[in-house]
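Chemist: Residue numbers (my numbering): 188 to 289.
1. Taking all protein chains shown into account, decide if residue 278 is buried (16 or more other Cβ within 10 angstroms of its Cβ) or exposed.
2. Give the straight-line distance between the Cα atoms of residue 212 and residue 269, rounded to the nearest whole angstrom.
3. Exposed or buried, what is residue 250 when buried is set at 16 or more other beta-carbons lying within 10 Å of its beta-carbon?
4. Just mark residue 289 as buried or exposed, buried being the case when its beta carbon has 16 or more other beta carbons within 10 Å.
5. Just checking, does the stretch 219–230 make contact with the stretch 260–269 on the three C-beta pairs under 8 Å criterion?
6. From this set, 196, 214 and 257, which residue's C-alpha is nearest residue 246's C-alpha?
7. Sort 236, 241, 204 and 201 by Cα distance to residue 219 and report the nearest one.
8. By how many angstroms is the C-alpha of residue 208 removed from the C-alpha of residue 243?
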């Protein structure tokens, strides 16, 4: 399977989506991650790649419903779970054996 290179138009389209609910969910997830790391007394480099991925996906899952309040909660939860499964699958396929988070 060949992977298409990102174009400037792709990046602009992604940036535009970040102005909406997706960006709100990412920002909220970031705040949750920082808070949870603080509570755990750990920094980003204290997590393995897998642990940090789980931390992100859990935070995004918690943040998405309020960012997408205009949608049915069940629809949002299902979409987030599909996204999380896809991210985990891609992370497993791209694992290089290293555990340290760069």
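No residue lacks a Cβ here, since even glycine has one placed at the ideal position from N, Cα and C. Fair warning: this is a prediction, and the values are worked out from it, not measured in the lab.
Modeler: Looking at the coordinates:
1. exposed
2. 16 Å
3. buried
4. Only weak support is given to the placement of residue 289: the predicted model assigns it a pLDDT of 44, under 50, and the value that follows is read from those uncertain coordinates. Under this definition residue 289 is an exposed residue.
5. no
6. 214
7. 241
8. 17 Å
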